[in-house]
Amino acid sequence: MRTSPLRPWAFSLRTLNVSLTRSANLASTFRRNRIRSASARTEALSSTVARTVVDSPLVTNAETTVNAPRACVWIRSAFPVRQATAASRTSSVPHPEHCLKDAQCYSGKCVDDLPLTNKYDEHKELPIGSPQDPSRCDYLKPGQEGKCRSFVDCNGGICKNQACVLGTDGDACLYNQYCKNVCGLDGKCYSPPSNHSLGAGQPCTNSIQCATSDGCKAGSATRPVPGTSGTMRKVTETICTGSNPNGACVQDSDCAAGGCRNSTCKALPVGTSCSTDTQCTSATPDKYTASVCDGHGCLENRNCEAVLVGSSCRTSEDCDTSARCTSGKQCKLNNGEDCRSNSDCVSGACKDDVCMKSSTSTKTTATSSKSTTSTTTKKTTSPTTTSKTTATSKRTTSTMV
Numbered sequence: 067m068r069t070s071p072l073r074p075w076a077f078s079l080r081t082l083n084v085s086l087t088r089s090a091n092l093a094s095t096f097r098r099n100r101i102r103s104a105s106a107r108t109e110a111l112s113s114t115v116a117r118t119v120v121d122s123p124l125v126t127n128a129e130t131t132v133n134a135p136r137a138c139v140w141i142r143s144a145f146p147v148r149q150a151t152a153a154s155r156t157s158s159v160p161h162p163e164h165c166l167k168d169a170q171c172y173s174g175k176c177v178d179d180l181p182l183t184n185k186y187d188e189h190k191e192l193p194i195g196s197p198q199d200p201s202r203c204d205y206l207k208p209g210q211e212g213k214c215r216s217f218v219d220c221n222g223g224i225c226k227n228q229a230c231v232l233g234t235d236g237d238a239c240l241y242n243q244y245c246k247n248v249c250g251l252d253g254k255c256y257s258p259p260s261n262h263s264l265g266a267g268q269p270c271t272n273s274i275q276c277a278t279s280d281g282c283k284a285g286s287a288t289r290p291v292p293g294t295s296g297t298m299r300k301v302t303e304t305i306c307t308g309s310n311p312n313g314a315c316v317q318d319s320d321c322a323a324g325g326c327r328n329s330t331c332k333a334l335p336v337g338t339s340c341s342t343d344t345q346c347t348s349a350t351p352d353k354y355t356a357s358v359c360d361g362h363g364c365l366e367n368r369n370c371e372a373v374l375v376g377s378s379c380r381t382s383e384d385c386d387t388s389a390r391c392t393s394g395k396q397c398k399l400n401n402g403e404d405c406r407s408n409s410d411c412v413s414g415a416c417k418d419d420v421c422m423k424s425s426t427s428t429k430t431t432a433t434s435s436k437s438t439t440s441t442t443t444k445k446t447t448s449p450t451t452t453s454k455t456t457a458t459s460k461r462t463t464s465t466m467v
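This is how it looks when you write it as structure tokens:
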């Protein structure tokens with residue numbers, strides 16, 4: 067059987083069909099890849115938008131709405147930020163929260179240099195690696211319109227009924243500036259009973275309140291912190307300072323040196339009762355330095371101790387009763403007292419372990435002086451001089467007769 071020859075156009079049609087099939091497959095693959103790529107981009111964009119919404123909160127002001135930069139996210143975690151809503155634009159942000167402008171704050175001031183504190187007004191350190199401390203609402207002044215939450219929000223005064231006012235007697239306080247009068251060491255506002263009634267170390271607002279002569283000066287006081295269960299804090303405060311010698315006092319503690327005797331601060335002599343070394347004349351330097359005044363101060367039996375023999379003194383009151391203060395400002399033993407060396411005695415003579423009387427020393431010196439004078443006379447007198455003197459004397463005698 068003879069087969070018909072293959073027609074050229076049939077081969078071409080088959081080839082074209084194969085090509086079209088391949089093209090269709092390629093187009094389908096391309097479309098699938100493009101859809102997958104678009105889907106991936108859409109998911110990535112959605113994720114980015116979601117993160118942006120979470121990490122970049124909207125901060126609204128009066129003019130526009132913008133996305134805050136991502137750097138603000140960390141700041142928000144360290145410093146709670148009040149969003150500037152319509153209410154905040156009418157002064158609703160208290161001290162010491164973050165602010166953007168003065169109009170947001172109750173105090174009317176948004177400041178940059180306000181220290182970071184806690185609810186007890188204690189200084190807080192910024193976290194390590196934190197950015198510069200943001201602006202904060204300033205303190206409220208007494209009588210200023212605005213709501214306070216505690217004394218920490220007030221610049222002077224205390225917080226009563228959400229207003230900063232000066233405390234009256236009995237109100238809790240930490241500084242004098244919280245009270246109308248004085249903040250006592252017990253952390254309560256009070257009025258001093260009278261002028262010149264506060265002793266040394268007592269908080270004061272003016273010198274007329276102090277019983278001491280040196281008046282009301284800067285110092286420190288320790289008081290309980292308001293709102294705590296007895297937590298004590300040492301704060302800078304004006305207090306009545308102790309009087310110097312000859313200053314006014316009521317009790318020994320009012321004297322910076324010495325003790326209170328007849329309402330006057332005096333250095334205490336040897337043998338008198340004392341409570342501290344600085345009260346004793348034997349341990350309180352005057353015109354001498356502390357290293358020169360080497361008295362041992364206050365003994366365990368609380369009596370002023372005497373200066374040792376041979377040590378520096380100012381008056382005989384600094385020395386033991388068996389000694390006195392010499393012109394050389396040293397304690398020396400009186401005659402008849404037991405001694406160890408000549409330097410221990412006022413007379414300068416220690417014989418058989420006893421200070422000898424000064425009369426023995428004087429006689430010895432006088433005898434020595436006479437011998438020296440006699441010797442000098444013999445050496446300087448000559449026969450010629452003697453004869454001249456005798457002749458003159460005779461002539462004078464005859465003339466007078």
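According to my numbering, the sequence shown is numbered sequentially starting from 67.
Glycine included, every Cβ here is placed at the ideal spot set by N, Cα and C.
Asked: Rounded straight-line distance, which links the Cα of C416 to that of I305; Found: 55 Å
Asked: Neighbour-count burial assignment, G250, 16 or more Cβ in a 10 Å radius; Found: buried
Asked: Whole-angstrom distance between V248 and V231, CA atom to CA atom; Found: 15 Å
Asked: Candidates V301, C171, T294 and C255, of which the one nearest A284 by Cα; Found: V301
Asked: Proximity of C411 and C421 at Cβ, strictly below 7 Å; Found: yes
Asked: Every unbroken beta strand (DSSP E) within the stretch 204-244, with a cutoff of 3 residues, ordered by chain; Found: 224-226 and 229-231
Asked: Simplified DSSP state of I194, which is helix, strand or coil; Found: coil
Asked: DSSP-derived helix/strand/coil call for Q268; Found: coil
Asked: Other residues of its chain near T381: CB distance less than 7 Å, five sequence neighbours each side excluded; Found: C391
Asked: Alpha carbon of S201 to alpha carbon of L182, nearest angstrom; Found: 10 Å
Asked: Assigned exposure category for S393 - 16 Cβ within 10 Å defines buried; Found: exposed
Asked: Exposure of D235, with buried meaning 16 or more beta-carbon neighbours within 10 Å; Found: exposed
Asked: Inter-stretch contact (C-beta, 8 Å, three-pair minimum) for the stretch 216-225 and the stretch 256-276; Found: no
Asked: Closest by C-alpha distance to M298, when choosing among A389, C239 and I194; Found: C239
Asked: Residues near A152 by beta carbon distance below 7 Å, same chain, minus five either side; Found: Reliability fails at A152, whose pLDDT of 32 lies under 50, so the model's placement of it is uncertain and the value that follows must be treated cautiously. Nothing meets the Cβ criterion.
Asked: Reduced DSSP category for D320 - H, G, I as helix; E, B as strand; rest coil; Found: helix
Asked: Rounded C-alpha distance that separates C331 from A287; Found: 23 Å
Asked: Contacts around Q317, its chain only, beta-carbon distance under 8 Å, and the 5 residues preceding and following it disregarded; Found: G265 and C326
Asked: C171 beta carbon less than 7 Å from that of C214; Found: no
Asked: Alpha carbon of G174 to alpha carbon of S260, nearest angstrom; Found: 40 Å
Asked: Exposed unless 16 or more other CB atoms sit within 10 angstroms - verdict on Q228; Found: exposed
Asked: Nearest residue (CA-CA) to Y186, options D237, T294, Y244 and C245; Found: T294
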